[in-house]
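For the sequence shown, our numbering gives the first residue as 2, with consecutive numbering after it.
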Amino acid sequence: MLDQFSIQTEKLGRVYKLRGAKKGEARSLVALKDIDLTVHRGELFGLLGPNGAGKTTLIKILTTLLSPTSGRAMVAGVDVERYPDKVRPLINMVSGGESSGYGLLTVRDNLWMFSQFYVIPSKEANARIKKLLDIVGLKDKTNIRSSDLSTGLRQKMNIVRGFMTDPDVLFMDEPSLGLDVEASRDVRHFIREWVNQDQRRTLMLTTHYMVEADELCDRVAIINHGQVLACDKPATLKRQLQEHAIFEIEIQENPNLDIAGFKSIRGVNSVTRQEVDSKVSLEFVLKEEAVLADVIGKLTQMQLRIQNLRKREPTLEDVFVRLVGRRMEEEEKNAESSAN
Numbered sequence: 002m003l004d005q006f007s008i009q010t011e012k013l014g015r016v017y018k019l020r021g022a023k024k025g026e027a028r029s030l031v032a033l034k035d036i037d038l039t040v041h042r043g044e045l046f047g048l049l050g051p052n053g054a055g056k057t058t059l060i061k062i063l064t065t066l067l068s069p070t071s072g073r074a075m076v077a078g079v080d081v082e083r084y085p086d087k088v089r090p091l092i093n094m095v096s097g098g099e100s101s102g103y104g105l106l107t108v109r110d111n112l113w114m115f116s117q118f119y120v121i122p123s124k125e126a127n128a129r130i131k132k133l134l135d136i137v138g139l140k141d142k143t144n145i146r147s148s149d150l151s152t153g154l155r156q157k158m159n160i161v162r163g164f165m166t167d168p169d170v171l172f173m174d175e176p177s178l179g180l181d182v183e184a185s186r187d188v189r190h191f192i193r194e195w196v197n198q199d200q201r202r203t204l205m206l207t208t209h210y211m212v213e214a215d216e217l218c219d220r221v222a223i224i225n226h227g228q229v230l231a232c233d234k235p236a237t238l239k240r241q242l243q244e245h246a247i248f249e250i251e252i253q254e255n256p257n258l259d260i261a262g263f264k265s266i267r268g269v270n271s272v273t274r275q276e277v278d279s280k281v282s283l284e285f286v287l288k289e290e291a292v293l294a295d296v297i298g299k300l301t302q303m304q305l306r307i308q309n310l311r312k313r314e315p316t317l318e319d320v321f322v323r324l325v326g327r328r329m330e331e332e333e334k335n336a337e338s339s340a341n
């Protein structure tokens with residue numbers, strides 16, 4: 002039954018009609034296609050995928066902000082399309098990079114005003130505000146106007162707003178946007194602790210940061226082009242690649258390097274290129290370690306000198322590459338170029 006889960010979708014789909022499409026161009030965009038997901042109560046569930054994969058569209062449907070084109074979605078046992086007014090008191094949502102709140106109001110006044118929308122008694126609301134601001138490191142900013150906050154601090158205020166109502170189901174759409182490394186780490190720790198403190202609580206997180214999904218989530222659904230490609234515990238998804246050998250080979254920079262030739266080597270499951278700090282490296286996922294000899298032979302044939310070689314354990318990035326054929330950043334760039 003649908004109501005056994007905090008969140009469940011059945012064949013959920015969303016199609017956008019494109020206005021102004023010229024003759025011969027697509028007149029619609031499939032944002033979601035036949036999404037089947039189940040999220041248990043007490044679970045911290047992640048939607049992992051590149052920008053434009055359909056994550057935000059799915060969140061908007063689950064939070065009653067957008068109607069599905071097909072299929073069905075339930076949140077906290079309630080049909081989101083048929084009974085949105087019953088869903089809304091049970092949920093809350095935080096989006097990364099949003100500029101919610103009134104700039105002329107202080108941090109405390111913004112949060113207090115929001116608490117009154119949910120009819121939280123003032124005494125209880127003030128206690129929650131004090132506690133949450135202390136946890137995220139905004140205690141000394143309580144009486145500062147929100148317009149005077151930096152982007153990162155304003156995002157922390159938005160995150161506090163999400164927890165103010167102590168919802169049954171909390172949706173966080175790219176919450177780390179606008180946060181520095183230390184702030185992101187603090188927020189991740191707080192999110193994990195919030196879920197652990199009460200088995201009633203469920204949190205759905207969308208992200209395109211692999212580390213965030215791996216560190217936080219009980220289970221992860223990898224989504225791309227509006228479809229779920231895999232769904233399981235991060236450790237289980239990575240374990241599926243442990244039967245393969247993953248090597249990172251740093252080579253001399255060569256702007257004309259074509260990696261297509263490596264894909265024809267028998268036993269090479271995938272190869273990707275990356276450049277970091279002017280260093281070029283090729284990452285190979287091999288069926289077995291013995292294939293490495295053929296890869297090195299090909300590099301020698303191409304007169305490419307190996308500067309460093311290391312074997313490493315699988316990551317969620319490797320899982321994504323195996324499913325999609327390229328890295329998250331490459332997929333995002335490809336989507337941007339296609340849109341243009």
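Glycine included, every Cβ here is placed at the ideal spot set by N, Cα and C.
Note to self: Three Cβ pairs or more, each shorter than 8 angstroms: is that satisfied between the stretch 88-98 and the stretch 109-116?
What the structure shows: Short answer: they don't touch.
Checklist line | For residue 302, three-class secondary structure by DSSP | finding: helix
Checklist line | Beta-bridge pairing of residue 170 - partner residues as DSSP gives them | finding: Note: residue 170 sits in a beta bridge opposite 92, 203.
Margin query: Among the candidates 172, 258, 12, whose CA atom is the shortest distance from the CA of residue 93?
Written below: 172
Check: Assuming residue 177 and residue 216 make a contact with CB atoms under 8 angstroms, what is their CB distance in whole Å?
Finding: Wrong, their Cβ atoms sit about 11 angstroms apart, outside the cutoff.
Next item on the list: Look at residue 49 and residue 219 and say whether their C-beta atoms are less than 8 angstroms apart.
Entry: no
Item checked: Separation of residue 118 from residue 163, as counted between CA atoms -> 13 angstroms
Item checked: Span of the beta strand (DSSP E), counted from its first residue to its last, around residue 282 -> Segment 280-287, the beta strand (DSSP E) holding residue 282.
Check: Could you give the distance in angstroms between the alpha-carbon of residue 310 and the alpha-carbon of residue 248?
Finding: 7 angstroms
Next item on the list: Alpha carbon to alpha carbon, how far is residue 317 from residue 237? Give it in angstroms, no decimals.
Entry: Straight across, the Cα-Cα distance linking residue 237 with residue 317 is about 10 angstroms.
Checklist line | Straight-line gap, residue 244 to residue 326 (C-alpha atoms, nearest Å) | finding: The straight-line gap separating the alpha-carbon atoms of residue 244 and residue 326 is approximately 18 angstroms.
Item checked: Helix, strand or coil at residue 189 [DSSP, three-state] -> Residue 189 falls in the helix class under three-state DSSP.
Next item on the list: Drop a sphere of 10 angstroms on the beta-carbon of residue 2, count the other beta-carbons inside from all chains shown, and report buried for 16 or more, exposed for fewer.
Entry: Because residue 2 sits at a pLDDT of 41, beneath the cut-off of 50, its placement in the model cannot be relied upon, and the following sentence gives the value as read from the coordinates. Exposed, since its Cβ has fewer than 16 Cβ neighbours within 10 Å.
Check: Can you list, in chain order, the stretches of the alpha helix (DSSP H) that have 4 or more residues and sit fully within the stretch 104-159?
Finding: 108-118, 123-136
Item checked: Alpha-carbon spacing of residue 80 relative to residue 73, whole angstroms -> For residue 80 and residue 73, the distance between alpha carbons rounds to 7 angstroms.
Next item on the list: Indicate whether residue 133 and residue 142 have their beta-carbon atoms separated by less than 8 angstroms.
Entry: In this structure, the beta-carbon distance from residue 133 to residue 142 does not fall below 8 angstroms.
Check: What are the partner residues of residue 75, as DSSP defines its beta bridges?
Finding: 9, 80
Margin query: So, for residue 153: in the same chain, excluding its five sequence neighbours on each side, which residues have a beta-carbon less than 7 angstroms away from its beta-carbon?
Written below: 179, 180, 181, 184
Next item on the list: List the endpoints of the continuous alpha helix (DSSP H) containing residue 318.
Entry: 317-325 is the extent of the alpha helix (DSSP H) around residue 318.
Margin query: If contacts are defined as beta-carbon pairs under 8 angstroms, then residue 8 and residue 76 qualify, I think. What distance do you get, rounded to the angstrom?
Written below: 6 angstroms
Item checked: Exposure of residue 52, with buried meaning 16 or more beta-carbon neighbours within 10 Å -> exposed
Item checked: Bridge partner(s) assigned by DSSP for residue 46 -> 205, 220
Note to self: Can you look up residue 213 in the DSSP assignment and give me helix, strand or coil?
What the structure shows: Note: residue 213 maps to helix in three-state DSSP.
Checklist line | Residue burial classification, residue 324 (beta-carbon count within 10 angstroms, cutoff 16) | finding: By the neighbour-count definition (other C-beta atoms within 10 Å, threshold 16), residue 324 is an exposed residue.
Item checked: Nearest to residue 335 (by Cα), restricted to the options 27, 54, 32 -> 54
Note to self: Determine whether the beta carbon atoms of residue 251 and residue 308 lie at a separation below 8 angstroms.
What the structure shows: yes
Margin query: Here's the rule I'm using: 16 or more other beta-carbon atoms within 10 Å means buried, otherwise exposed. How should residue 225 be labelled?
Written below: buried
Check: If we ignore side chains and look at the alpha-carbon of each, how far apart do residue 21 and residue 206 end up?
Finding: 34 angstroms
Notebook entry, point to check: With respect to the beta strand (DSSP E) encompassing residue 32, which residues constitute its N-terminal and C-terminal limits?
Noted result: 29-40
Checklist line | Other residues of its chain near residue 169: CB distance less than 8 angstroms, five sequence neighbours each side excluded | finding: 7, 77, 91, 92, 201, 202, 203
Check: In its own chain, which residues sit with a C-beta less than 7 angstroms from the C-beta of residue 19, not counting the 5 before and 5 after it?
Finding: For residue 19, the CB contacts under 7 angstroms within the same chain, skipping 5 residues up- and downstream, are 27, 28, 29, 30 in chain order.
Next item on the list: With DSSP collapsed to three states, give me the class of residue 2.
Entry: Confidence is the limiting factor: at residue 2 the pLDDT is only 41, short of 50, which leaves the residue's position unreliable, though a coordinate-based value still follows. Of the three classes helix, strand and coil, the one that applies to residue 2 here is coil, per DSSP.
Next item on the list: For the beta strand (DSSP E) holding residue 54, just list the boundary residues, first then last.
Entry: For residue 54, there is no enclosing beta strand (DSSP E), as DSSP marks it with neither H nor E.
Notebook entry, point to check: With a Cβ-Cβ cutoff of 8 angstroms, do residue 196 and residue 160 count as a contact?
Noted result: With contacts defined by Cβ atoms closer than 8 angstroms, residue 196 and residue 160 do not form a contacting pair.
Margin query: Excluding the 5 residues flanking residue 15 on each side, which residues of the same chain have their C-beta closer than 6 angstroms to its C-beta?
Written below: Closer than 6 angstroms at Cβ, skipping near neighbours: 32, 33, 58, 69, 70.
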